[in-house]
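Residue numbering for the sequence shown follows numbering that gives the first Met the number 0, beginning at 0 and increasing consecutively.
The beta-carbon is built from N, C-alpha and C at its ideal position, and this holds for glycine as well.
Please read all numbers here as calculations on a predicted model, not as lab measurements.
Working notes, beginning with the structure itself.
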Amino acid sequence: MKKNITMFVSYARANRDLAARFLEKFQEQAAPSKQFHYTFWRDNDILVGEKWHEEIQHALGECDAGLVLVSPAFLGSQYIQDHELPKFVKGGDKPVIPVLLQPIDLERHDLKGLQQAQIFRLDRPRFASSKAYGECSGSHRDQFALELFRQVEARLDKVMAR
Numbered sequence: 000m001k002k003n004i005t006m007f008v009s010y011a012r013a014n015r016d017l018a019a020r021f022l023e024k025f026q027e028q029a030a031p032s033k034q035f036h037y038t039f040w041r042d043n044d045i046l047v048g049e050k051w052h053e054e055i056q057h058a059l060g061e062c063d064a065g066l067v068l069v070s071p072a073f074l075g076s077q078y079i080q081d082h083e084l085p086k087f088v089k090g091g092d093k094p095v096i097p098v099l100l101q102p103i104d105l106e107r108h109d110l111k112g113l114q115q116a117q118i119f120r121l122d123r124p125r126f127a128s129s130k131a132y133g134e135c136s137g138s139h140r141d142q143f144a145l146e147l148f149r150q151v152e153a154r155l156d157k158v159m160a161r
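The following block contains the structure:
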């Protein structure tokens, strides 16, 4: 029987379209998992008239892990810094899965506590450097999602074994 895993998807609203395309690719890989049944919670699950802050806090409390889609806009979001990231970094009680959605400068940007975590990006021998999802196209986006899926499964195996 598959273990249910709910992932809170944290991303900057400015990256909504790119985040949706990434999540579609990642869900394609995650759906046939042998071990886990994945559910992804995003703020677009909030219904009209609902109190969005309370809904986000409830989802953060209920999730098993945070899938954080890192970009300059993500790092610049005060709301993410104050209300979402604390659940996953600096003593947070949920595992974090940081994914590089758009390029950042790992040395010069304030990573808001994520500097302690390995941020996933696609690495290929012919690449001059590792790539963010937004820098990939075509089959490289498929490879990005597949390699991330493998790493997420390995991380969850490790977390569940504790």
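Open item on the list: Would you call the region 99–107 in contact with the region 35–43, where contact means no fewer than 3 C-beta pairs closer than 8 Å?
Closed with: Taking 8 Å as the limit for Cβ pairs, the verdict is that the region 35–43 does not touch the region 99–107.
TODO: Under the assumption that Pro97 contacts Val67 (Cβ atoms under 8 Å), give the Cβ distance between them as a whole number of angstroms.
DONE: 5 Å
Open item on the list: Let me confirm a value: Glu27 is counted as buried when at least 16 other C-beta atoms fall within 10 Å, else exposed. Which label applies?
Closed with: exposed
Task: Cα-Cα separation, Lys50 to Leu22 - done: One C-alpha to the other measures close to 24 Å.
- [ ] Answer yes or no: do Phe24 and Met159 have a C-beta to C-beta separation smaller than 8 Å?
- [x] Note that residue 24 is Lys in the sequence shown, not Phe. Their beta carbons are not under 8 Å apart, which means Lys24 does not touch Met159 by this criterion.
Task: Coil, strand or helix - Leu175 by DSSP - done: Because the chain is modelled from 0 through 161, residue 175 falls outside the range shown and cannot be assessed.
- [ ] Please check if any C-beta of chain C sits within less than 8 Å of the C-beta of Ala18.
- [x] As a matter of chain content, chain C is missing from the structure shown, which is built from one protein chain.
- [ ] Grab the span of the beta strand (DSSP E) containing Pro71 for me, first residue to last.
- [x] Here Pro71 belongs to no beta strand (DSSP E); instead the alpha helix (DSSP H) covers Pro71 to Leu74.
- [ ] Inspect the beta-carbon positions of Phe148 and Leu121 and report whether they are closer than 8 Å.
- [x] no
Open item on the list: Can you give me the C-alpha to C-alpha distance between Ile79 and Ala11, rounded to a whole angstrom?
Closed with: 8 Å
- [ ] Under the assumption that Val88 contacts Gln115 (Cβ atoms under 8 Å), give the Cβ distance between them as a whole number of angstroms.
- [x] Between Gln115 and Val88 the Cβ distance is about 7 Å, and since that is below 8 Å, they are a contact.
- [ ] Leaving out five residues on either side along the sequence, give the residues of the same chain with a beta carbon under 6 Å from the beta carbon of Asp141.
- [x] none
Open item on the list: So, under 8 Å CB-CB, Ile4 and Leu145 are touching, yes? Tell me the CB distance rounded to an integer number of Å.
Closed with: That belief does not hold up - the Cβ atoms of Ile4 and Leu145 are roughly 18 Å apart, past 8 Å.
Task: Beta-carbon proximity list for Gln34, same chain, < 8 Å, skipping 5 on both sides - done: Lys1, Lys2, Glu152, Leu155 and Asp156
TODO: For my contact list, Asp92 and Met6 are in at a C-beta cut-off of 8 Å; report their separation, rounded to the angstrom.
DONE: Actually they do not touch by this definition, with Cβ atoms about 15 Å apart.
- [ ] Drop a sphere of 10 angstroms on the beta-carbon of Ser70, count the other beta-carbons inside from all chains shown, and report buried for 16 or more, exposed for fewer.
- [x] buried
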